[in-house]
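Chemist:
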Amino acid sequence: GQEEDEDELDEMVESEDFHALTEKEETNLGKLIGECDYAISNAELFMEQLGKNLQELDGANIQSVLASEKQVDALMDQIETAILEAEKVEKRLDDYDEILCHIRDTMEKMGEKNQMIEIANTNNVKLLQELEKVVSQLDLPHVHQLALSDTDLTPKGLPAAIAAGKALQTAMNSDIDPALLRLTAVQDQRKRFEKWKAKFSQTVSRHLNNLFIHLGNLGDSQSPHSGTDINLPKHNSVHRELSAYAELMHWMKAMDRKAYDALIKVYTSSLSKVYDRDIRLFFEAAKQSISVKRFGSREDLNSSSMSNKLKLGQPSKQPVSQPYGILGINRELWGPGAEPVERQKFDSILEKVLAELEPVALSEQHFCIAFFQLDVISPTGKNTQTTLDMAAAIQDREQRDERDTAVVAIPQKRLDRQINEDVRRMMGELFSNLEQELNSFILSFEKLDSYYSLYVLVRLTQHVMSAQEGQSFLSMTFASALIHVKRNFDKFMNLQLQSIQEAKVPKRSKCGLLPYVENFEEFAVTAESIFKKTERRNDLDKWLVKLVEAIFEYIPVNAMDHAKTPHQVVKMENYHRMHSLLSQLKVGVLEQLKKDAKVRYNDALKAYVTKYFGRPLEKLNQFFEGVQQKVQQGVKETEISYQMAYSKQELRKVIAQYPAREVKKGLEQLYKKVEKHLCEEENLLQVVWRAMQEEFIAQYNSLELWIQRCYAGAMITLDFTIKDILDFFSEIARSH
1 GQEEDEDELD
11 EMVESEDFHA
21 LTEKEETNLG
31 KLIGECDYAI
41 SNAELFMEQL
51 GKNLQELDGA
61 NIQSVLASEK
71 QVDALMDQIE
81 TAILEAEKVE
91 KRLDDYDEIL
101 CHIRDTMEKM
111 GEKNQMIEIA
121 NTNNVKLLQE
131 LEKVVSQLDL
141 PHVHQLALSD
151 TDLTPKGLPA
161 AIAAGKALQT
171 AMNSDIDPAL
181 LRLTAVQDQR
191 KRFEKWKAKF
201 SQTVSRHLNN
211 LFIHLGNLGD
221 SQSPHSGTDI
231 NLPKHNSVHR
241 ELSAYAELMH
251 WMKAMDRKAY
261 DALIKVYTSS
271 LSKVYDRDIR
281 LFFEAAKQSI
291 SVKRFGSRED
301 LNSSSMSNKL
311 KLGQPSKQPV
321 SQPYGILGIN
331 RELWGPGAEP
341 VERQKFDSIL
351 EKVLAELEPV
361 ALSEQHFCIA
371 FFQLDVISPT
381 GKNTQTTLDM
391 AAAIQDREQR
401 DERDTAVVAI
411 PQKRLDRQIN
421 EDVRRMMGEL
431 FSNLEQELNS
441 FILSFEKLDS
451 YYSLYVLVRL
461 TQHVMSAQEG
471 QSFLSMTFAS
481 ALIHVKRNFD
491 KFMNLQLQSI
501 QEAKVPKRSK
511 CGLLPYVENF
521 EEFAVTAESI
531 FKKTERRNDL
541 DKWLVKLVEA
551 IFEYIPVNAM
561 DHAKTPHQVV
571 KMENYHRMHS
581 LLSQLKVGVL
591 EQLKKDAKVR
601 YNDALKAYVT
611 KYFGRPLEKL
621 NQFFEGVQQK
631 VQQGVKETEI
641 SYQMAYSKQE
651 LRKVIAQYPA
661 REVKKGLEQL
671 YKKVEKHLCE
681 EENLLQVVWR
691 AMQEEFIAQY
701 NSLELWIQRC
711 YAGAMITLDF
721 TIKDILDFFS
731 EIARSH
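Going by UniProt numbering, 597 is the number at position 597 of the sequence shown; the sequence numbering is gapless.
(1) Expressed to the nearest angstrom, what Euclidean distance is found between the alpha-carbon atoms of F623 and G713?
(2) By DSSP's criteria, Q322 is part of a beta bridge. Which residues make up the other side?
(3) Taking F431 and A361 to be in contact with their CB atoms under 8 angstroms, please state how far apart those CB atoms are, rounded to whole angstroms.
(4) Ignore the nearest five residues each way along the sequence and tell me which others in I716's own chain have a CB closer than 8 angstroms to its CB.
(5) So, at 8 angstroms on beta carbons, what are the nonlocal neighbours of V186 in its own chain, with the 5 sequence-adjacent residues on each side left out?
(6) Can the beta-carbon of Q365 be found less than 8 angstroms from the beta-carbon of M427?
(7) So, A147 versus A160, is the Cβ gap smaller than 8 angstroms?
(8) To the nearest angstrom, report how far apart residue 739 and E446 are at their CA atoms.
(9) Quick check: what's the CA-CA separation for T461 versus E553?
(10) Closest to E618 by C-alpha separation, out of L585, S472 and L703, would be which residue?
(11) With respect to the alpha helix (DSSP H) encompassing H677, which residues constitute its N-terminal and C-terminal limits?
(12) State buried or exposed for E80, treating a residue as buried only when at least 16 other CB atoms are found within 10 Å of its CB.
(13) How is I732 classed by DSSP in three states: helix, strand or coil?
(14) Would you say the stretch 565–573 touches the stretch 535–543, given that touching needs at least three Cβ pairs under 8 angstroms?
(15) Hey, could you find the ends of the alpha helix (DSSP H) D261 is sitting in?
(16) What whole-angstrom Cβ distance do F478 and H463 have, given they're in contact under 8 angstroms?
(17) State yes or no: is the C-beta of C679 within less than 8 angstroms of the C-beta of K510?
(18) Tell me whether T638 is buried or exposed, calling it buried when 16 or more other Cβ atoms sit within 10 Å of its Cβ.
(19) Given a threshold of 16 other Cβ atoms within 10 Å of its Cβ, counted over all protein chains shown, does L93 qualify as buried or as exposed?
(20) Which residues in the same chain as Q496 place their Cβ atom closer than 7 angstroms to its Cβ, once the five residues preceding and following it in sequence are excluded?
(21) Pick out the complete beta strand (DSSP E) segments inside the stretch 179–252, 3 residues or longer, and give them in chain order.
(22) What does the alpha-carbon distance come out to for the pair N308 and F489?
(23) Mind reading off the beta-carbon distance from Y516 to I551? Whole number of angstroms is fine, and I expect it under 8 angstroms.
(24) In angstroms, rounded to a whole number, what distance separates the CA positions of A163 and A355?
(25) Secondary structure at A714, three-state DSSP: helix, strand or coil?
(26) Is L514 closer than 8 angstroms to N439 when the C-beta atoms are compared?
(27) Use the C-beta contact count for K156: other C-beta atoms within 10 angstroms, 16 or more gives buried, fewer gives exposed.
(28) State the start and end residues of the unbroken alpha helix (DSSP H) segment that holds V536.
(29) Tell me the rounded alpha-carbon separation between A481 and E435.
(30) Would you say H250 lies against chain B (beta-carbon separation less than 8 angstroms)?
(31) Quick one: is I500 buried, meaning 16 or more other Cβ sit within 10 Å of its Cβ, or exposed?
(32) Taking the alpha helix (DSSP H) that T170 falls in, what are its first and last residues?
(33) Could you check whether A254 and Q385 sit closer than 8 angstroms to each other, using their CB atoms as the reference points?
(34) Suppose the cutoff is 8 angstroms on Cβ atoms and the five residues either side in sequence are ignored; what does the same chain contact list for V674 look like?
(35) Quick one: using the 10 Å Cβ neighbour count with 16 as the cut-off for buried, is E342 buried or exposed?
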């Protein structure tokens with residue numbers, strides 16, 4: 001309980017404000033306590049003493065306050081005086097502030113005036129600069145004015161005319177603010193420019209127009225080249241003469257679009273006549289250079305048709321001459337074809353023709369692009385490219401601002417496409433008969449010999465690739481012709497495929513090789529020589545696979561149609577030839593078909609031997625088939641001879657029916673039959689005869705084995721040995 005009271009006392013002491021005693025207070029307190037030693041023993045007396053002291057102190061304080069009243073009044077007077085002085089100072093400060101505000105307003109007005117003066121000076125400087133710029137840009141030197149109004153386009157005066165034209169173009173496309181275009185002086189100068197432009201354009205246009213016509217007539221009047229000389233004239237001299245005027249033509253495109261378009265028409269009209277004549281004579285010379293003596297007259301060359309191809313299988317009283325080289329048609333029915341030497345000559349002349357066309361067409365294309373600036377698209381569709389037309393300038397500025405805001409630009413591909421279309425359109429007008437003459441040249445020889453389409457396909461493809469520079473017109477022309485050539489190539493191959501499907505077996509005693517098998521070698525070897533290591537290799541490979549697959553499909557079909565030759569022989573001989581040919585060709589895509597041909601050939605050979613060799617010792621074979629059945633039924637091999645039907649005596653009777661002399665005679669008859677079946681071309685007689693020999697030996701060994709197993713020790717043997725069999729076959733083969 002005591003501890004709790006002490007804690008409460010401490011908290012109370014801490015909660016009260018506590019002030020430490022000063023030294024003076026501490027001394028006075030000590031003195032007071034020292035004077036009252038009795039305080040402890042007599043508290044009441046101490047309290048009385050303290051009360052008296054307090055009263056004395058209060059009285060002293062009151063006396064002191066009353067004594068200091070005068071001093072307080074004096075202090076109050078001084079304070080009043082100080083307040084009055086402060087008010088005076090404040091009033092003076094207000095006056096100063098008013099003066100300063102007035103000064104500030106005055107300074108601000110002076111600053112604004114100075115700024116306006118600076119703006120005015122700046123504007124004056126800019127205006128002066130703009131005026132100087134306008135004057136300098138629109139000022140056309142007197143020498144240029146003379147050149148524009150009195151134009152001299154001779155070699156001597158041409159540089160001055162070009163310089164004047166450029167100066168006028170620069171002036172008429174000055175970078176002038178649209179607002180300044182309203183100035184009367186600017187518009188007056190623009191009108192003067194228009195007059196000079198019209199005068200200059202008219203002079204240049206008339207001169208170039210006459211020059212184009214003159215050069216066209218000059219080229220047209222030149223003596224044509226020799227009919228046997230396959231050279232296409234080059235017109236570099238025309239290009240050189242016109243190149244001096246290239247900058248003027250560029251000026252015409254920018255400054256007078258109507259006159260520029262008219263000049264292009266005059267140029268194409270004049271030069272196209274020259275090129276039409278050159279190309280016509282060029283292709284005629286090429287046709288005459290190719291030997292046509294096998295085909296008859298020139299009329300035959302031009303009027304021959306492949307319509308005979310459509311007459312396959314149609315009966316007629318007289319045999320219809322079929323196109324040369326058709327696989328499914330007998331060679332005797334083929335029309336005349338070209339010799340390999342003639343085909344090589346055609347190929348070399350075709351290469352010469354295509355090679356001659358390239359430099360001429362590409363040279364003309366490059367000249368037209370450079371001279372007529374076909375690779376530059378005009379920034380405006382207006383007739384004259386100028387910035388001095390007030391309405392047009394404002395409109396262009398608005399359109400430019402819109403483009404800048406939208407950030408939309410014409411794609412480069414679209415620009416290139418437009419340029420290429422313009423170039424091809426102009427080149428097409430200049431070489432208007434090129435594609436027609438080229439197609440006519442190709443078609444005239446494809447009609448005579450279908451193999452020519454193979455040569456053309458390869459050569460034309462090579463030149464399409466080489467002429468692709470800059471999307472050239474010639475490349476597009478070659479590509480267009482190539483489409484027709486590829487179509488004719490596919491027609492020819494489809495015709496070959498159709499001829500296989502519609503082929504008839506030869507009407508002879510021995511069927512031998514079917515027409516499409518016999519003809520395939522020449523076709524394949526020729527095609528390989530043309531397409532080897534070329535870009536068109538895949539096209540040939542696809543068709544070779546189709547044709548060989550069709551041949552394999554129709555050999556069994558046609559093999560059944562021959563009246564005298566067994567179908568096994570037809571299949572054997574034709575598959576043998578196909579395997580031999582495919583091995584010789586060594587074409588990768590035909591490798592599996594080559595293996596297939598070998599399998600089909602072996603199957604046919606085996607089927608033929610099985611059917612026509614059969615079992616020469618038929619009764620012996622039947623005898624031992626019975627023995628084999630008994631053994632399978634449970635009779636022991638050693639007890640077979642005790643069976644009545646299979647006794648040793650019965651076996652000797654059967655063996656006696658096959659003396660060596662009779663066996664050899666039967667083999668001779670078989671050889672003659674095989675000889676009648678097989679054709680001489682494939683030389684398979686000895687192959688078949690050897691297969692029959694092996695079959696005979698296999699049957700002989702089987703019979704000998706059964707004799708040893710079931711009749712051991714009975715001293716029973718056939719009338720001839722394996723050596724005798726080998727001698728029989730060998731003697732028969734040698735005797736024939």
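Beta carbons: idealized from backbone N, C-alpha and C, even for Gly.
Keep in mind that this is a model prediction, so the values were computed, not measured.
Modeler: In short:
(1) Spanning the two alpha carbons is a distance of roughly 19 angstroms.
(2) W334
(3) About 7 angstroms separates the beta carbons of F431 and A361, which is inside the 8 angstroms limit, making them a contact pair.
(4) For I716, the CB contacts under 8 angstroms within the same chain, skipping 5 residues up- and downstream, are K648, L651, R652, I655 and I707 in chain order.
(5) V134, L138, I176, L180 and L388
(6) yes
(7) yes
(8) This structure cannot speak to residue 739, because the chain is shown only from 1 to 736.
(9) 33 angstroms
(10) L703
(11) A660 to H677
(12) exposed
(13) helix
(14) no
(15) R257 to S289
(16) 5 angstroms
(17) yes
(18) exposed
(19) exposed
(20) I326, L327 and L547
(21) none
(22) Only weak support is given to the placement of N308: the predicted model assigns it a pLDDT of 42, under 50, and the question is left unresolved by the model.
(23) 6 angstroms
(24) 41 angstroms
(25) Residue state, collapsed to three classes: coil.
(26) no
(27) exposed
(28) It should be pointed out that residue 536 corresponds to Arg in this sequence rather than to Val. Per DSSP, R536 belongs to no alpha helix (DSSP H) and is neither H nor E.
(29) Taking the CA atoms as reference points, A481 sits about 7 angstroms from E435.
(30) As a matter of chain content, chain B is missing from the structure shown, which is built from one protein chain.
(31) buried
(32) L158 to M172
(33) yes
(34) Y612, L685, V688, W689 and M692
(35) buried
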